[in-house]
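Asker: So that we are looking at the same thing, I have put the structure below in C-alpha cells.
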Amino acid sequence: DQQVKQNSPSLSVQEGRISILNCDYTNSMFDYFLWYKKYPAEGPTFLISISSIKDKNEDGRFTVFLNKSAKHLSLHIVPSQPGDSAVYFCAASAVGSGDKLTFGTGTRLAVRP
Amino acid sequence: GAVVSQHPSWVICKSGTSVKIECRSLDFQATTMFWYRQFPKQSLMLMATSNEGSKATYEQGVEKDKFLINHASLTLSTLTVTSAHPEDSSFYICSAGRLAGGETQQYFGPGTRLTVT
Numbered sequence: 009d010q011q012v013k014q015n016s017p018s019l020s021v022q023e024g025r026i027s028i029l030n031c032d033y034t035n036s037m038f039d040y041f042l043w044y045k046k047y048p049a050e051g052p053t054f055l056i057s058i059s060s061i062k063d064k065n066e067d068g069r070f071t072v073f074l075n076k077s078a079k080h081l082s083l084h085i086v087p088s089q090p091g092d093s094a095v096y097f098c099a100a101s102a103v104g105s106g107d108k109l110t111f112g113t114g115t116r117l118a119v120r121p
Numbered sequence: 454g455a456v457v458s459q460h461p462s463w464v465i466c467k468s469g470t471s472v473k474i475e476c477r478s479l480d481f482q483a484t485t486m487f488w489y490r491q492f493p494k495q496s497l498m499l500m501a502t503s504n505e506g507s508k509a510t511y512e513q514g515v516e517k518d519k520f521l522i523n524h525a526s527l528t529l530s531t532l533t534v535t536s537a538h539p540e541d542s543s544f545y546i547c548s549a550g551r552l553a554g555g556e557t558q559q560y561f562g563p564g565t566r567l568t569v570t
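Keeping their order, the protein sequence lines are chains E and B.
Residue numbering for the first sequence follows the numbering used here, beginning at 9 and increasing consecutively.
Residue numbering for the second sequence follows the numbering used here, beginning at 454 and increasing consecutively.
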C-alpha cells in the first residue's frame with residue numbers, strides 16, 4: 009500500500025527551464041511534507057518542507073505547493089541547473105507518528121545543459 | 454552542522470554470517486534514529502525507530518530478531534543483520550532526528566550497501 013506516490017519515474021528538462029516534480033498521497037492524516045534530493049550511493053539530503061497549514065513554501069530556486077483537497081504536492085525548481093540532476097523523493101509525516109516519514113518512490117530528474 | 458556518518462559504506466558477507474552497521478551523528482545529539490532500507494529503483498522503507506536507552510520500535514513486517522538495533526548513546530545507533538541471506542542484500546540508510554524550529558528534522562547518513570553472497 010503505497011501511501012505516497014510519485015507517478016513519474018523520470019523527468020528531463022533543459023537547463024534554465026522549470027522542473028516540476030509531482031507527488032500524490034492517500035493518507036489524510038499526513039500534515040507535514042518534505043522533499044529530499046538523493047545522489048546514487050548517498051543518503052537523501054533535505055531540500056524543502058511544507059506544513060499542511062500552508063499551501064506554498066519558497067526557498068531560493070525551490071518552491072513547494074500543497075493542494076490538500078487534491079492530496080497533491082509539487083516541487084518547482086526554477087531555473088533548473090545541471091547540478092540539480094538527481095533522484096527526488098517526497099516524504100510525508102502524520103500527526104502523532106513520532107516523526108516517521110513515508111517516502112514516495114522517487115523521480116529521477118535530468119537537467120540537460 | 455548536522456552530519457551523520459555510517460560505517461561501513463559497503464560490505465560483502467557470506468550467507469549465514471552477521472553484519473553490524475554503525476550510524477553516528479557527528480555534531481549533534483540525536484534522541485531518535487531511524488533505519489531504512491532501499492531496494493533498487495524503489496522507495497526508502499522505514500524499518501525501525503530507535504530511541505536512546507530504549508528498545509527500538511519496528512515497522513510491520515520487519516523481523517526484530519533478524520534486524521537487531523541498539524541505540525547505546527545519543528550519537529550512536531547500530532543495526533545488526535543476523536544470519537544474513539541473499540534477500541537481505543540492500544542499501545541500508547540511517548537518519549538522526551534533531552529538533553529544528555519546533556519540528557524534528559531528519560538528517561540522513563550516506564548509506565551502507567550490503568551484499569550477501
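Cβ atoms here follow ideal geometry from the backbone N, Cα and C, with glycine treated the same way.
From a predicted model like this one, the values you see are computed outputs, not experimental measurements.
Enumerate in chain order the residues of its own chain whose CB-to-CB distance from T110/E is below 6 angstroms, with the five nearest sequence positions on each side excluded.
Answerer: If we look at T110/E and ignore the five residues flanking it on each side, its Cβ neighbours are Q11, V12 and A100.
Asker: Can you list the residues of chain B that G114/E reaches, using a CB-CB cut of under 7 angstroms?
Answerer: In chain order: S496.
Asker: Using a Cβ cut-off of 7 angstroms, pull out every chain B residue sitting near K108/E, in sequence order please.
Answerer: Neighbours of K108/E on chain B, chain order: L499 and T502.
Asker: Pick from L19/E, P48/E, H84/E and Y47/E: whose alpha carbon is nearest that of S57/E?
Answerer: Of the listed residues, the one whose Cα sits closest to S57/E is H84/E.
Asker: Could you tell me the alpha carbon to alpha carbon distance between W463/B and R477/B, rounded to whole angstroms?
Answerer: Roughly 16 angstroms between the two C-alpha positions.
Asker: With H, G and I counted as helix, E and B as strand and the rest as coil, what does DSSP make of G514/B?
Answerer: Correct three-state label for G514/B: coil.
Asker: Of all the residues that make up the segment 36-56 of chain E, which are near chain B by a beta-carbon distance shorter than 9 angstroms?
Answerer: Within the segment 36-56 of chain E, the qualifying residues are Y40, L42, Y44, K46, A49, E50, G51, P52, T53 and F54.
Asker: Report the partner residues of E67/E according to the DSSP bridge assignment.
Answerer: Glu is not the amino acid found at residue 67/E; the sequence shown has Asp there. D67/E pairs with F70/E.
Asker: In whole angstroms, what separates the C-alpha of T565/B from that of G24/E?
Answerer: When rounded, the distance between both Cα atoms is 34 angstroms.
Asker: Between the Cα of P493/B and those of F481/B, R551/B, Y545/B and T535/B, spot the shortest distance and give me the residue it belongs to.
Answerer: Of F481/B, R551/B, Y545/B and T535/B, the residue nearest in Cα terms is Y545/B.
Asker: Let me know the secondary structure DSSP gives E23/E once reduced to three states.
Answerer: Note: E23/E maps to coil in three-state DSSP.
Asker: Between the alpha carbons of K481/B and L529/B, how many angstroms are there, rounded?
Answerer: Strictly speaking, residue 481/B in this sequence is Phe, with Lys absent from that position. Spanning the two alpha carbons is a distance of roughly 11 angstroms.
Asker: Do the segment 556-565 of chain B and the segment 499-510 of chain B make contact, defined as three or more Cβ pairs closer than 8 angstroms?
Answerer: Result no; under three Cβ-Cβ pairs closer than 8 angstroms.
Asker: Could you give the residue range of the beta strand (DSSP E) that holds D39/E?
Answerer: Here the beta strand (DSSP E) through D39/E covers F38 to K46.
Asker: Using a cut-off of 7 angstroms between C-beta atoms, extract the partners of T470/B located in chain E.
Answerer: Chain E residues near T470/B: none, gap ~23 angstroms exceeds 7 angstroms.
Asker: Which residues, in order along the segment 64-87 of chain E, keep a beta-carbon less than 8 angstroms from a beta-carbon of chain B?
Answerer: Listed by position along the chain: nothing, the set is empty.
Asker: Applying a beta-carbon distance threshold of less than 9 angstroms, which residues of chain E neighbour F561/B?
Answerer: Those within 9 angstroms of F561/B in chain E are Y44, K46, E50, G51, P52, T53 and F54.
Asker: Assign G564/B to one of three DSSP states: helix, strand, or coil.
Answerer: DSSP places G564/B in coil when its eight states are reduced to three.
Asker: Where W488/B and G506/B are concerned, what is the direct C-alpha to C-alpha distance, given to the nearest angstrom?
Answerer: Cα to Cα, the separation comes out at about 16 angstroms.
Asker: How about A78/E: is its Cβ closer than 7 angstroms to a heavy atom in the ligand MN?
Answerer: Within the structure as shown, the ligand MN is missing, as the structure has no ligands at all.
Asker: In the DSSP output, what is I61/E paired with across the bridge?
Answerer: I61/E pairs with nothing; no bridge assigned.
Asker: Closer than 7 angstroms by C-beta to S16/E: which residues in its own chain qualify, once you throw out the five before and the five after it? Chain order, please.
Answerer: The residues are N30 and T115.
Asker: Excluding the 5 residues preceding and the 5 following L74/E in the sequence, name in chain order all residues of the same chain whose CB lies nearer than 6 angstroms to its CB.
Answerer: Around L74/E: I58, D63 and L81.
Asker: Mind checking if Q558/B is an interface residue toward chain E, Cβ cutoff 8 angstroms exclusive?
Answerer: Judged by the 8 angstroms Cβ criterion, Q558/B is in contact with chain E.
Asker: Quick one: what's M486/B bridged to in DSSP?
Answerer: Per DSSP, S503/B and A549/B.
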